[in-house]
Amino acid sequence: MNNPTALERLLAAPVSRRKLFITGGLTLATTGLLAACSTDGSGTSASASGAAGAAGVAGKSTITVAAPTLVTTFVPDGGGASGALNDILWPNLGAGLIRFPYKKNKSSGEFEQDAYHFEGWLADTYEISADGKTVTFHLNKTVTSTNGNPFTADDVLFSQERRMLSPYAVRRAEEIAAIPDMNSWSKIDDHTVSLTITDKKWQYLILNTLAVPYSGYIYDSVLMKAKQSTADPYAVVWSKSNYNNGFGAYKVTSVVPNQSMTWEARSDAVFGEAKIKKITFTPVADAGTRASTLISGDIDASIALQPADMASMLTNKALSVPEYSNPSATANLGMVTSKGPFADELVRQALCYAVPYQQIIDNVYHGRAKKTVGYLNPSAPGFTEKGLPVYDYDIAKSKSLLKKAGKTSVSFEVAYSNAAPDMQAIAVQIQSYAKAAGFTVTLKAVPDSDFYGNLSKHAYDSFLYRVAIWSQDPAQQLVNYVNTTPDYNFTDYRVTTSEDLAAKSYDEPAFSKAAGALWNEAEKGLLEAAPLDFIVRVQPLNAFTAGLKGVPFRYDYAVDFAAITI
């Protein structure tokens, strides 16, 4: 371990709301739930972390936002959470103990999440024991839930128990190894809790998990306990369709099914009242209509737009189109490996060489995307892409691999959500360009409400989806994307060697070269097996009226409305 004496002093020192730095010599880890499909966000005021404020929307404190659909659930657990607006809920209506802070990128000047530091959120301060295994959280004593109940240690313990023990609980093996049961959590008093993990090596994994709104979400335990039943012991089913159950910057004040949802800023939110006081979301199914109503000035923001519309907005001075130097969301092609044509690895590799990457960048994203080698964040400390297989559009290689598989042609169906117009456009490009290698592609648009549920049933030959990872622990990302959890094993494939290498990396100092070498080897195995083709990294597909600037970059691509200052 690098400079262990200094490190131990760091671990033992109190950590303020805005300062926990994870050094390269420290091994840590997170639960890393499946990274779900996302669009843009966070959930606290810019003043809390220094994010730049917007110039204002002509002094407005009320805005209207167009989204493809309204939400399918009001909680991140229990299933059914899909769609752009669902991903925006968790950091705005809820909060966790800690979060990734925003920082200014010295090169680009953008405000972005810092995945290698943490700051307090519902915890005012916290400290880590000298042995690196116990974290003590000192809770905010003034914040209340969106339902009006005071925040206490009971909310933390109930939320953690719900994550571990509810019928809908999904935890990775690494999290279970770090926190085997509720005995790991202790209530010291009404405003102090502690967490003791089994081994110091899991520390970053767990802090990362707690910092992610999806997995670190704290529920109002008073409300939840009043609604629990024998059939629904943690009120998961109840809370899916009933809002105001967390401690976020906004509360829901109105829902008109299929017409609108309204949020209002809370005066006692942990970082103070948001500058945007009221947000009304309206469902607009057609992406082109979402764009045109924004351009006309009838709305103030639009979610999940078509890339072509986004490109045309860049020169419109009345609009703000956020772009970031290191986009993390990827557009992916998944292939079901347990049946059909993609049971053969050679066929999967052949298709990867028949995907027209540059044409997708040019024709689908109009330059607002870039080629990616794999999935792991290339800027993660210690990681290297050296030696990873690179799939380019190469018809000769594709044909050669098909010939090696004993085939001259392959027919298959590719499915995508009808709420993701860029996925449909990618499908069209693949259909057109892969024909030269011998692939005949049938396109299948699926209602967004059905698409993700069908993935776990392996209902399609292949599928396209865009995903933004929440966990920034590379080892956990690897486990996520070999899809080892049955309900999320969309490709029905296990890259066991990659799993073993990812697990081994936890024994090395976090973000060290030694850990990075293991991540590199693990990703190499994943890319060679090719159950997934990581096509491009894409910019967010959201746009705003010109006054709404300073939208910080988030790894989950959610929009942090409370971080926008008018």
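Numbered according to the UniProt record's numbering, the sequence shown spans residues 1 to 566.
Glycine included, every Cβ here is placed at the ideal spot set by N, Cα and C.
So, is residue i buried or exposed, given that buried needs 16 or more other C-beta atoms within 10 angstroms?
i, result
"V57", "Confidence is the limiting factor: at V57 the pLDDT is only 48, short of 50, which leaves the residue's position unreliable, though a coordinate-based value still follows. By the neighbour-count rule (16 or more Cβ atoms within 10 Å), V57 is buried."
"D422", "buried"
"S49", "The predicted position of S49 is uncertain, since its pLDDT is 32 and thus under 50; a value taken from the coordinates is nonetheless stated next. Answer is buried; the Cβ neighbour count reaches 16."
"A329", "buried"
"residue 591", "Residue 591 lies beyond the residue range present for the chain, which begins at 1 and ends at 566; the question has no answer from this structure."
"S512", "buried"
"Q472", "buried"
"V256", "exposed"
"I469", "buried"
"L223", "buried"
"V71", "buried"
"M182", "exposed"
"E499", "buried"
Which partner residues of residue i appear in the DSSP bridge assignment?
i, result
"F451", "The partner list for F451 (beta bridge, DSSP) is empty, contrary to what the question assumes."
"M335", "S462"
"Q91", "Sequence inspection shows Pro at residue 91; the Gln mentioned does not correspond to that position. Looking at the DSSP assignment, P91 forms no beta bridge with any residue, so it has no partner."
"T293", "Note: T293 sits in no beta bridge, so no partner."
"V467", "T330"
"E119", "R99"
"K275", "None, per the DSSP bridge assignment."
"E528", "Its beta-bridge partners do not exist; DSSP assigns none."
"K104", "F111"
"F553", "E112"
Less than 6 Å between C-beta atoms, sequence neighbours within five positions excluded: which residues of the same chain meet that for residue i?
i, result
"F137", "L97, A123, Y126 and V193"
"K444", "E413 and A415"
"Y243", "F74 and V252"
"S338", "D492"
"S411", "T440"
"S221", "D154, D155 and F158"
"M313", "L319, V321 and A543"
Could you have a look at residue i and say whether DSSP puts it in helix, strand or coil?
i, result
"Q259", "coil"
"Q476", "helix"
"Q113", "strand"
"D190", "coil"
"A36", "Here A36 scores only 30 on pLDDT, less than 50, and its place in the model should not be relied on; the value that follows carries that caveat. A36 falls in the coil class under three-state DSSP."
"G41", "Bear in mind that the predicted position of G41 carries a pLDDT of just 29, short of 50, making it unreliable; the figure below should be weighed with that in mind. Three-state result, G41: coil."
"I63", "strand"
"F561", "helix"
"Q161", "A quick correction: the sequence has Glu, not Gln, at residue 161. It is helical."
"Y357", "helix"
"T497", "helix"
"K386", "coil"
"Y168", "coil"
"K251", "strand"
"S320", "strand"
"L213", "The sequence given here places Pro at residue 213; Leu does not occur at that position. Helix at P213."
"L195", "strand"
"E175", "helix"
"E521", "helix"
Which residues bound the beta strand (DSSP E) around residue i?
i, result
"K371", "A369 to K371"
"T125", "A123 to I128"
"I533", "Here residue 533 is Asp; the residue named in the question, Ile, does not match the sequence. Residues L532 to V538."
"G412", "The sequence shown places Phe at residue 412, rather than the Gly named in the question. Counting along the chain, the beta strand (DSSP E) containing F412 begins and ends at V410 to S417."
"V446", "F439 to V446"
"P283", "K278 to P283"
"L139", "T134 to L139"
"A304", "Element bounds for A304: n/a, residue is neither H nor E."
"A543", "A543 to T545"
Shorter than 8 Å from the beta carbon of residue i to some beta carbon of chain D?
i, result
"L93", "Judged by its chain identifiers, the structure shown contains no chain D, having just a single protein chain."
Taking 8 Å as the limit between beta carbons, can you name the residues of its chain near residue i, skipping five residues before and five after?
i, result
"V65", "I279, T280, F281, T282, I299, D300, A301, S302 and I303"
"N363", "A425 and Q429"
"residue 569", "No answer is possible for residue 569: the residues shown for the chain start at 1 and end at 566."
"K370", "P327, I361, V536 and R537"
"T293", "A66, V284, I299 and S302"
"K386", "N520"
How about residue i: is its Cβ closer than 7 Å to a heavy atom in the ligand ZN?
i, result
"E385", "You won't find the ligand ZN in this model; it holds no ligand whatsoever."
For residue i, collect the residues of the same chain with a Cβ closer than 7 Å to its Cβ; drop the 5 residues on either side in sequence, then sort them by chain order.
i, result
"residue 599", "Summary: the structure shown does not reach residue 599, with the chain confined to residues 1 through 566, and so no result is reported for it."
"I197", "K133, A178, I179, S184, Q203 and I206"
"A419", "P68, T69, G83, A304 and D448"
"A308", "H366"
The alpha helix (DSSP H) spanning residue i covers which residue range?
i, result
"L346", "E345 to C352"
"A226", "S221 to K227"
"I395", "I395 to K404"
"M182", "Run containing M182: none; DSSP gives neither H nor E here."
"residue 572", "Residue 572 lies beyond the residue range present for the chain, which begins at 1 and ends at 566; the question has no answer from this structure."
"W202", "Careful: W202 lies outside any alpha helix (DSSP H) and carries neither H nor E."
"V237", "V236 to K240"
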